[in-house]
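Residue numbering for the sequence shown follows full-length UniProt numbering, starting at 1 and increasing by one per position.
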Amino acid sequence: MHIADFAAGSIGGACGVAVGYPLDTVKVRIQTQKQFTGIWHCFITTLSKEGVHGFFKGMSLPVTTVSMTSSVVFGMYRNCRQCLSQLRGGPGTPNTKLEIFLSGLAGGVATVTVMSPGDIVKVRLQCQTESMRARKGANLPKPKYRGPVHCLLTIVREEGVLGLYRGALPLMLRDGPSYATYFLTYSTLCEWFTPTGKKGPEWTGVMLAGGVAGMTGWTVGTPMDVIKARLQMDGARDIKRYKGFVHCITETVRVEGSGVFFRSLGINCLRAFPVNMVVFATYELLVGFLRTQPDAIKPPKLEFE
1 MHIADFAAGS IGGACGVAVG YPLDTVKVRI QTQKQFTGIW HCFITTLSKE
51 GVHGFFKGMS LPVTTVSMTS SVVFGMYRNC RQCLSQLRGG PGTPNTKLEI
101 FLSGLAGGVA TVTVMSPGDI VKVRLQCQTE SMRARKGANL PKPKYRGPVH
151 CLLTIVREEG VLGLYRGALP LMLRDGPSYA TYFLTYSTLC EWFTPTGKKG
201 PEWTGVMLAG GVAGMTGWTV GTPMDVIKAR LQMDGARDIK RYKGFVHCIT
251 ETVRVEGSGV FFRSLGINCL RAFPVNMVVF ATYELLVGFL RTQPDAIKPP
301 KLEFE
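What follows is the structure, given as structure tokens:
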């Protein structure tokens, strides 16, 4: 088992959260709240009403949960590839593109158990547009949640433990195909960017491949991301609008049209490129360090085995 991939994936995921969280907040808000007409309007409104802090609401818990999620994704992906390689031809046998795709799919599906509770807390806090400063005002609404832990406990108290897994099905349908595409794109681009006679690409190739892979993955995952966010927010502040997963899809299409599923695609891709550049650069650096002697950190050697 490749333990190094779990550790490197964890740290890489945490770095990615820090880089992309402000854009993620904007993305979630335009997916779930009709008051915003677009990315720029959401950005300006959030900044003017809530300050810079508004872009980082609920980040502390996702840093922890995304670290665990990335650990599961990268660890599961690497070890699935190893198992499939051994089943087909023994250790060291190069993986086929189908095996890479299936390994990414397995990694994406496996993340739901650890990701869902943190993700719903993140979405609830990001969509809480009331500022903490509003408490000083006479008639201004107060935030429902005081922070990540309070939000988590409130959901459990009001909706039960299963409330933490609201939106788990679209989350699974988002992350399974998304991560499968993500890793397949990354491995393919790294092969293209690897100079003749070398085992892996240079740093620029790793970062470019990671950025493009992130954009490709989000292109596949954005429709289900919209449904997930809406199910997670449904009933949080008002009456429930959706009876379930299928009803959410049909009602969303009926009211807003099918174009709503790609309303946040632009900002997802804008966020995904720098985030996944950082994620893969950090991951490859740490994997290379953990698998070699600690006296020298070498550029990534990507082995498609």
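Each residue gets a CB set at the ideal place from its N, CA and C atoms; glycine is no exception.
In the structure shown, what three-state DSSP assignment does residue i receive?
{"i": "F43", "result": "helix"}
{"i": "G163", "result": "helix"}
{"i": "T64", "result": "helix"}
{"i": "Q293", "result": "In this predicted model, Q293 has a pLDDT of only 40, less than 50, meaning its place in the structure is not dependable; the value taken from the coordinates is given anyway. Note: Q293 maps to coil in three-state DSSP."}
{"i": "Q33", "result": "coil"}
{"i": "M277", "result": "helix"}
{"i": "S264", "result": "coil"}
{"i": "P143", "result": "coil"}
{"i": "R81", "result": "helix"}
{"i": "Y283", "result": "helix"}
{"i": "K198", "result": "coil"}
{"i": "M76", "result": "helix"}
{"i": "K57", "result": "coil"}
{"i": "T129", "result": "coil"}
{"i": "T93", "result": "coil"}
{"i": "G259", "result": "helix"}
{"i": "G288", "result": "helix"}
{"i": "G13", "result": "helix"}
{"i": "R51", "result": "Correcting the residue identity first, residue 51 is Gly in this sequence and not Arg. G51 falls in the coil class under three-state DSSP."}
{"i": "G38", "result": "coil"}
Count the other C-beta atoms from every protein chain shown that fall within 10 angstroms of the C-beta of residue i, then say buried if there are 16 or more, exposed otherwise.
{"i": "V52", "result": "exposed"}
{"i": "G200", "result": "buried"}
{"i": "G20", "result": "buried"}
{"i": "S67", "result": "buried"}
{"i": "V121", "result": "buried"}
{"i": "S258", "result": "exposed"}
{"i": "R157", "result": "exposed"}
{"i": "P195", "result": "exposed"}
{"i": "P111", "result": "This sequence places Thr at residue 111; Pro is not what is there. T111 should be labelled buried."}
{"i": "I44", "result": "exposed"}
{"i": "G9", "result": "buried"}
{"i": "E50", "result": "buried"}
By the DSSP assignment, the alpha helix (DSSP H) with residue i in it spans what residues?
{"i": "S178", "result": "A168 to F193"}
{"i": "Q232", "result": "W203 to M233"}
{"i": "V123", "result": "V112 to Q126"}
{"i": "I239", "result": "Where I239 is concerned, there is no enclosing alpha helix (DSSP H), given that its DSSP letter is neither H nor E."}
{"i": "residue 364", "result": "Because the chain here runs from 1 to 305, residue 364 falls outside it and cannot be looked at."}
Counting pairs of beta carbons, one from the segment 26-35 and one from the segment 228-242, are three or more of them closer than 8 angstroms? yes
Three Cβ pairs or more, each shorter than 8 angstroms: is that satisfied between the segment 216-224 and the segment 253-264? yes
Can you confirm whether the segment 106-116 touches the segment 170-184 when touching is taken to mean that 3 or more C-beta pairs between the two stretches lie within less than 8 angstroms? yes
Evaluate the contact criterion for the segment 93-102 versus the segment 178-194: three or more CB pairs, one atom per stretch, below 8 angstroms. yes
Does the segment 5-16 touch the segment 66-80, meaning 3 or more C-beta pairs lie closer than 8 angstroms? yes
Should the segment 206-217 be called in touch with the segment 277-284, which here means at least 3 C-beta pairs below 8 angstroms? yes
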